[in-house]
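Here's the structure, in structure tokens; my notes come after.
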Amino acid sequence: MKTFEFRLYPNRKQRQHLDSVLMGSRVIYNEMLTHTRQVYQETGKFAFKYALTKAFAGRGKGTVPASTVQMLADRLDKALICFMRRKEADQTVGFPRFKTPNRWHSIQLRQHAVDFDVDGRFLRTPALTGGRIKIKRHRPIIGTPQTCHLVKRADGHWYALIVCELPEPEPPTEPPAPDERPAIGIDVGLKSFLTDSDGNTVANPRYYRTSQAKLRRQQRRLMARTKGSQRRRKMARSVAQTHLKIERQRRDFHFKTAKHYADTYRLMVVEDLNVRGLARTRLAKSILDAGWSAFLTILTDKAASAGGQVIRINPRFTTQTCSNCGELVPKSLSVRTHICPSCGYVADRDHNAAINILRAGAPPSGTVADRLPDEPRSPIL
């Protein structure tokens, strides 16, 4: 599955239709959640997708498209399944909550409810959502569209997120040519966003840190506004727009960095970090600002598209081990230079770790030094 995002350009009347459907779909979702609670109190069981679809058939007539009502039932069904799964695993989890306007930003449509005009300049949607809406298709769509999400961002613009099912790759008729691109080890960090085993570094942009002063001023003004007033809503939109800009800057940086490594290297070895656990430490703000998890996910997708591969290895002792002799050299986080007392090897802490990461994830070469040859050798040899 792959999602394609395009900007929509609705006129004033279409914006009114979209806002009306957005508000109506939120109301129906909350009614479904109320109905599910009542069914559970009466029977001890939840009402899932098919029961909700049957109970709310025709509920949005004249206000919300029928396909959207069906997708609302599917959305609540997934939330209930996730709640039950995590509860059975004894994890801390809250019951699906009622949606307020600031937590509801999308209209979901099924595949048969959307289509493009012949020239591709307009997106055909149900009449209740505005009908033919102008769209900017800056890239071709690959695969078969399955669902469409009409999303209203904090900047006030509407976007179409089209989820497509990718076709199965055709088997190659000829053996693929050998990939001559090298392998690389990547160590993500905070001082530098990443350091690879070749010694190259990528600076950490720290988008949230650079915008923190602006956010602080905006949030102070927001708290000074009267609750429920128009000025408070306007200030809240301004804060949301700043957060949206930070998110887009970080995402653009991740994509550009990942594309460079995916096009240059055939194999990228990274650490399988527990980012959620690291985000509970005193470095939480800096770790979340860097966005390691999002970057590694994007890197994996880009590598697969470029015919490469990303391997995740256990991060244990990658920083403490000397990449030259294998000696364990304990060091605190504040020590940024690796100095081995056994062999005298001196290197940057992150560069030393990147070499160890590459060595741990690279496939064996088949030599005697690896002790695990790719092919069984003759007893004579």
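Counting from 1 along the sequence shown, just add 944 to a position and that's the residue number in the numbering used here.
Where is the CB? At the ideal position from N, CA and C, for every residue including glycine.
Beta carbon of residue i nearer than 8 Å to that of residue j
{"i": "Phe1239", "j": "Ala1202", "result": "yes"}
{"i": "Leu1053", "j": "Leu1094", "result": "yes"}
{"i": "Cys1108", "j": "Ile1077", "result": "no"}
{"i": "Leu1067", "j": "Ile1051", "result": "no"}
{"i": "Gly1305", "j": "Asp1123", "result": "no"}
{"i": "Arg1194", "j": "Gly1235", "result": "yes"}
{"i": "Ala1297", "j": "Thr1263", "result": "yes"}
{"i": "Pro1009", "j": "Leu1072", "result": "yes"}
{"i": "Lys1031", "j": "Val1037", "result": "yes"}
{"i": "Gly1074", "j": "His961", "result": "yes"}
Where the alpha helix (DSSP H) through residue i begins and ends
{"i": "Thr1170", "result": "Where Thr1170 is concerned, there is no enclosing alpha helix (DSSP H), given that its DSSP letter is neither H nor E."}
{"i": "Ala1306", "result": "That residue, Ala1306, is in no alpha helix (DSSP H); it is neither H nor E in DSSP."}
{"i": "Gly968", "result": "956-987"}
Candidates the options, of which the one nearest residue i by Cα
{"i": "Asn1046", "options": "Phe1199, Arg1181, Ile1299, Tyr1289", "result": "Arg1181"}
{"i": "Asn1144", "options": "Phe948, Ile1299, Gly988", "result": "Ile1299"}
{"i": "Met1028", "options": "Pro1040, Ala1017, Asp1018", "result": "Pro1040"}
{"i": "Leu1134", "options": "Thr1007, Ile1231, Tyr1209", "result": "Ile1231"}
{"i": "Val1132", "options": "Asn1218, Gln1185, Gly1172, Thr1069", "result": "Asn1218"}
Assigned secondary structure, residue i (DSSP; H/G/I helix, E/B strand, else coil)
{"i": "Thr997", "result": "helix"}
{"i": "Met945", "result": "coil"}
{"i": "Glu1114", "result": "coil"}
{"i": "Asp1314", "result": "Model confidence at Asp1314 stands at a pLDDT of 41, short of 50, so the residue's coordinates are unreliable; what they give is reported in the following sentence. It is helical."}
{"i": "Ser1182", "result": "helix"}
{"i": "Pro1320", "result": "Below a pLDDT of 50, predicted positions are generally treated as unreliable, and Pro1320, at 35, falls in that range; the measurement from the model is reported next regardless. Here Pro1320 sits in coil by DSSP."}
{"i": "Arg1176", "result": "helix"}
{"i": "Tyr1289", "result": "coil"}
{"i": "His1093", "result": "strand"}
{"i": "Leu1105", "result": "strand"}
{"i": "Ala1297", "result": "helix"}
{"i": "Ile1128", "result": "strand"}
{"i": "Arg1003", "result": "coil"}
{"i": "Leu1277", "result": "coil"}
Opening and closing residue of the beta strand (DSSP E) in which residue i lies
{"i": "Thr1263", "result": "Note, Thr1263: premise wrong, no beta strand (DSSP E); not H, not E."}
{"i": "Leu1138", "result": "1136-1140"}
{"i": "Val1146", "result": "1145-1147"}
{"i": "Ile1085", "result": "It is not in any beta strand (DSSP E) - Ile1085 carries neither H nor E in the DSSP assignment."}
The ligand COA heavy atom lying under 7 Å from the CB of residue i
{"i": "Ile1077", "result": "Annotation note on the ligand COA: not contained in the displayed structure, which lists no ligands."}
Check your understanding: Which whole runs of the beta strand (DSSP E) in the segment 1006-1079 are 3 residues long or more, in chain order?
Key -> Runs of the beta strand (DSSP E) lying entirely within the segment 1006-1079, each at least 3 residues long, are 1050-1054, 1066-1068 in chain order.
Practice item. Go through the segment 1193-1257 residue by residue and report every complete run of the beta strand (DSSP E) that reaches 3 residues or more, in order. Key: The segment 1193-1257 contains these whole beta strand (DSSP E) runs: 1211-1215, 1253-1257.
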